[in-house]
Amino acid sequence: MERYKNLGGQSGVDSYEIAPDSITVKFKDGAVYLYTNASAGVQNIEKMKALAVAGRGLNSFINTTVRKSYASKL
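1 is the number of the first residue of the sequence shown in this note's numbering; add one for each residue after it.
Take a look at the structure:
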């Protein structure tokens, strides 16, 4: 997994891993969630990937848009 840059300084996201049709997100509390195109929608997954790479806004996007739309808790 790649460390999340957390440019805003207050994110709950620790790290992430991008795959062609999914993103896995690890939170600072140790919880790991897999979000897929099928579970959250292609547009949302692509947005999450962009936010992850940018290092800003991923936690907020998850909380406001895809919170319960994960494929599985790992």
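Each residue gets a CB set at the ideal place from its N, CA and C atoms; glycine is no exception.
Query: Short of 7 angstroms in beta carbon distance, which residues of its chain neighbour residue 15, apart from the five on each side in sequence? Order them along the chain.; Result: 1, 2, 3, 4, 26
Query: Pick helix, strand or coil for residue 60, following the three-state DSSP scheme.; Result: helix
Query: Please look up how many angstroms separate the CB atoms of residue 40 and residue 69, rounded, as I've assumed it's under 8 angstroms.; Result: 4 angstroms
Query: What first and last residue would you give for the beta strand (DSSP E) that runs through residue 51?; Result: First-last for residue 51: 42-54, but that is the alpha helix (DSSP H), not the beta strand (DSSP E).
Query: Grouping DSSP H, G and I as helix and E and B as strand, with all else coil, what is residue 39?; Result: helix
Query: Candidates 60, 36, 72: which alpha carbon is nearest residue 22's?; Result: 36
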